[in-house]
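Asker:
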Amino acid sequence: MDCANLNNPDIFDRTIIPGDTQTLKLANNRITDEKQLKETLVTLTSLRELQLHGNELAKLNEATFAQNCNLEVISLGHGNAGMKLPETVFVGASSVKILDLGAAHFYNNQKLEYVDASSAQIDSISDNAFTSSTALKQVLLRRNSIKTLEPETFQALEELSWLDLGRNELQIIMPGTFTANTDLKILDLDQNLIDTICPTAFSGAKDNLESINLAYNRLPEELNKNFCLDECDGDIGEFWNILDALFSNSTDCLILQ
Numbered sequence: 001m002d003c004a005n006l007n008n009p010d011i012f013d014r015t016i017i018p019g020d021t022q023t024l025k026l027a028n029n030r031i032t033d034e035k036q037l038k039e040t041l042v043t044l045t046s047l048r049e050l051q052l053h054g055n056e057l058a059k060l061n062e063a064t065f066a067q068n069c070n071l072e073v074i075s076l077g078h079g080n081a082g083m084k085l086p087e088t089v090f091v092g093a094s095s096v097k098i099l100d101l102g103a104a105h106f107y108n109n110q111k112l113e114y115v116d117a118s119s120a121q122i123d124s125i126s127d128n129a130f131t132s133s134t135a136l137k138q139v140l141l142r143r144n145s146i147k148t149l150e151p152e153t154f155q156a157l158e159e160l161s162w163l164d165l166g167r168n169e170l171q172i173i174m175p176g177t178f179t180a181n182t183d184l185k186i187l188d189l190d191q192n193l194i195d196t197i198c199p200t201a202f203s204g205a206k207d208n209l210e211s212i213n214l215a216y217n218r219l220p221e222e223l224n225k226n227f228c229l230d231e232c233d234g235d236i237g238e239f240w241n242i243l244d245a246l247f248s249n250s251t252d253c254l255i256l257q
């Protein structure tokens, strides 16, 4: 059911939503009433996709999606700025695979495959942020203010294939940060403040990595590039050769400014 882009904050009062609805698009309606939203969702036990981005929700209530066990896609981002989420907000929504968080927060879900938390006002990520979300394949954290990464942060994500950390404030890539991410193909680290790289930081991804973007960091010219298989500033093989040369006689982290 498509009720998106109507600019109608009273849409729940003016619309009858069938109980067997599987897709509900409510984006861009200036919705503010989280209580009405929850009351509506309680009746939609067949719901599989919910689009709520572009509204004005300041928070969601506890167990908002408790009756939506079939829900696979939730879009909260791009709007709903500063939305507050209780820890139990996703209780019951055990089938979610795609989650667009916007300015909300992470949550752990064993079936979750895709998280977009770009421009989400994030300044830190705990080392256990993704410990139970082991099926994640794509994590987008672009345009935040993340300053540090603990080596354990992504260790549980053995199926991760794309990680976007571009346009943050990272300065150092610690040893072992991506050791467990053996399926990683795309790694975006462009437009950070990186000037220090440690040995084994990328070693786990060596066999499958197809693209690593280090452009616009505080690195020497030969590393300050977008490396990929084709049509980039540098070839991915060149990246590994540079790292091998840098750490051929050193096991310490190197400041490369």
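With full-length UniProt numbering as the guide, the letters of the sequence shown map in order to residues 1 to 257.
Idealized CB from N, CA, C, for every residue including glycine.
All values reported here derive from a predicted model rather than from experimental measurement.
Cβ of Gln-171 within 7 Å of Cβ of Leu-193?
Answerer: Yes.
Asker: What separation, rounded to the nearest whole angstrom, lies between the Cα atoms of Gly-166 and Phe-227?
Answerer: Gly-166 and Phe-227: Cα-Cα distance of roughly 14 Å.
Asker: Just to confirm, are Leu-57 and Glu-34 a CB contact at a threshold of 7 Å?
Answerer: A contact, by the Cβ cut-off of 7 Å.
Asker: Which ranges does the beta strand (DSSP E) cover as unbroken runs of at least 3 residues, wholly within the segment 36-60, from first to last along the chain?
Answerer: If we require 3 residues or more, the beta strand (DSSP E) runs fully inside the segment 36-60 come out as 49-51.
Asker: Are the segment 58-68 and the segment 31-46 touching by the rule of at least three beta carbon pairs closer than 8 Å?
Answerer: In short, these stretches touch, since the Cβ pair count reaches three.
Asker: By the three-class DSSP mapping on this structure, what secondary structure does Cys-3 have?
Answerer: Coil.
Asker: Helix, strand or coil for residue 341? Go by DSSP, reduced to three states.
Answerer: Residue 341 cannot be examined here, being either before or after the span of the chain that is shown, 1 to 257.
Asker: Can you tell which of Leu-99, Gln-155 and Val-42 has its C-alpha closest to the C-alpha of Gly-176?
Answerer: Among Leu-99, Gln-155 and Val-42, the Cα nearest to that of Gly-176 belongs to Gln-155.
Asker: Mapping DSSP to helix, strand and coil, what is Phe-90?
Answerer: Reduced to three states, the DSSP call for Phe-90 is coil.
Asker: Could you tell me the distance, in whole angstroms, from the CA atom of Gln-121 to the CA atom of Asn-144?
Answerer: Approximately 5 Å, taken between the alpha carbons.
Asker: CA-CA distance, Leu-26 and Gly-204?
Answerer: Computed Cα separation, rounded: 42 Å.
Asker: Hey, could you find the ends of the alpha helix (DSSP H) Ile-122 is sitting in?
Answerer: Counting along the chain, Ile-122 falls outside any alpha helix (DSSP H), and DSSP gives it neither H nor E.
Asker: Can you give me the start and stop residues for the beta strand (DSSP E) that Asp-100 sits inside?
Answerer: Note, Asp-100: beta strand (DSSP E), 98-100.
Asker: In this structure, does DSSP put Asn-181 in helix, strand or coil?
Answerer: Here Asn-181 sits in coil by DSSP.
Asker: On the criterion of 16 or more Cβ atoms from any shown chain inside 10 Å, does Ala-103 qualify as buried, or is it exposed?
Answerer: Reliability of the predicted coordinates at Ala-103 is poor, the pLDDT of 46 falling under 50, and no value is obtained from them.
Asker: Among the residues of its own chain, which have a CB less than 7 Å from the CB of Ala-4, if the five just before and after it don't count?
Answerer: Around Ala-4: Lys-25, Leu-26, Ala-27, Asn-28 and Gln-51.
Asker: With distances taken from CA atoms, which of Pro-86, Cys-232, Thr-43 and Lys-59 is nearest Leu-71?
Answerer: Comparing Cα positions, the closest option is Thr-43.
Asker: When the Cβ atoms of the segment 86-99 are set against those of the segment 107-119, are three or more pairs found closer than 8 Å?
Answerer: Yes: at least three Cβ pairs fall under 8 Å.
Asker: Quickly, what does DSSP pair Pro-237 with across the bridge? List them, please.
Answerer: The question names Pro, yet the displayed sequence has Gly at residue 237. DSSP lists no partner for Gly-237.
Asker: Quick one: what does DSSP say Ile-146 is sitting in, helix, strand or coil?
Answerer: Three-state DSSP puts Ile-146 in coil, outside helix and strand.
Asker: Thinking just about the alpha-carbon of each residue, which of Glu-238, Ser-46, Cys-198 and Gln-22 is nearest to the one in Thr-251?
Answerer: The residue with the shortest Cα to Cα distance from Thr-251 is Cys-198.
Asker: Grab me the residues of residue 260's own chain with a C-beta within less than 6 Å of its C-beta, minus the 5 sequence neighbours each way, in chain order.
Answerer: Not covered by the structure: residue 260. The range shown for the chain is 1 to 257.
Asker: Shortest alpha-carbon distance to Leu-223 belongs to which of Ile-255, Lys-137 and Met-83?
Answerer: Looking at the Cα atoms, Ile-255 is the closest of the given residues.
Asker: Can the beta-carbon of Leu-136 be found less than 7 Å from the beta-carbon of Asp-164?
Answerer: No. Outside cutoff.
Asker: Is the beta carbon of Asp-183 sitting closer than 7 Å to the one on Asn-208?
Answerer: Yes, they are a contact pair.
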